[in-house]
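To start, the structure under review is shown below, and the notes come after it.
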Amino acid sequence: MEKIIILGGIGNGTVIAQAIVDANNRGSNEYEIVGYLNDREEVGSSIEGFPVLGKIKEASNFAKQGYKFINTLYRIDGQQERLDLFQSLELVDSDLAIFVHPTAFVAPNVEIEPGAVIMPYVMISAGAMIGKGTLIMVGASIGHNTKLGPYNHIAAQAVVGAYIETGIGVHIGLNATVRENLVIGDHATLGMGAVLTKNINQKEIWIGNPAIFLRNVK
Ligand SMILES: CC(C)(COP(=O)(O)OP(=O)(O)OC[C@H]1O[C@@H](n2cnc3c(N)ncnc32)[C@H](O)[C@@H]1OP(=O)(O)O)[C@@H](O)C(=O)NCCC(=O)NCCS
0 MEKIIILGGI
10 GNGTVIAQAI
20 VDANNRGSNE
30 YEIVGYLNDR
40 EEVGSSIEGF
50 PVLGKIKEAS
60 NFAKQGYKFI
70 NTLYRIDGQQ
80 ERLDLFQSLE
90 LVDSDLAIFV
100 HPTAFVAPNV
110 EIEPGAVIMP
120 YVMISAGAMI
130 GKGTLIMVGA
140 SIGHNTKLGP
150 YNHIAAQAVV
160 GAYIETGIGV
170 HIGLNATVRE
180 NLVIGDHATL
190 GMGAVLTKNI
200 NQKEIWIGNP
210 AIFLRNVK
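Quick note: the sequence shown, position 60, residue 59 per numbering that gives the first Met the number 0, numbers continuous.
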């Protein structure tokens, strides 16, 4: 089994760790979680059963020892900052794990880039592309021929239609729905429960049904 370190902790980090444990309980045995790199908790402490092994900036030392990484440091306001931190670690693609939970349906011709996570009961239709480090959370649906950019966060139960293109660091909120053929710019956010019928420019937050502009990301 490849040994996985999660960058992050409570939240995306712990739910992804538990999904990997569950995959192993179902016989997958692809990855073993060894712990977290986390800047808020003390080294040696435990986050829901797995140890904090060090600080985020130590990732490349662990990479040299053969550990693989999943990055879960995502935030709506401040995603650029989080991305800058991740990129400063200088991890290469072969340092990043791709995790697909065994209950997910992923069409055989879907392309998934390094560091992406596909959580339980996700559905990804034919011809879709999932960018580097993009997290698709439980029960989300991704339509055919949709291209999700790098470092997106698609929250639980979101429904993203067909032929959609998203930029870098896009968040799509819980249970939001995106109409087909739309473009969502870099670091944009669609709020929870929204119904998107128009394109979103970069760094804008849209909410509601039909979705309208709320504010720019901070
Ligand atoms: C859109 C979002 C980022 C806005 O956050 P925010 O800037 O802190 O906004 P506020 O909570 O200050 O709300 C501002 C206004 O928008 C409304 N609002 C906020 N989010 C909304 C949403 N998703 N749909 C409709 N209205 C919303 C609030 O009720 C408030 O209205 P008011 O001014 O009439 O009182 C946030 O509400 C959201 O949807 N986040 C995504 C949550 C999610 O999917 N998490 C996934 C990980 S668990």
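From the three backbone atoms N, C-alpha and C, an ideal C-beta is built for every residue, glycine too.
- Boundaries of the beta strand (DSSP E) around E1: 1-6.
- G34 is bridged by DSSP to I4.
- Placement of the Cβ of R214 at a distance of less than 7 Å from at least one heavy atom of ligand 1 is found.
- Taken atom to atom, the span from the alpha-carbon of I135 to that of I69 is near 13 Å.
- By the beta-carbon neighbour count (other beta carbons within 10 angstroms, threshold 16), D185 is buried.
- Straight-line spacing of the CA atoms in A155 and K63 works out to 34 Å.
- Just measuring C-alpha positions, the residue of T176, I167, Q78 sitting nearest A161 is T176.
- Residue state for R81 is assigned as helix, using DSSP reduced to three classes.
- M118 has its CB no nearer than 7 Å to any heavy atom of ligand 1.
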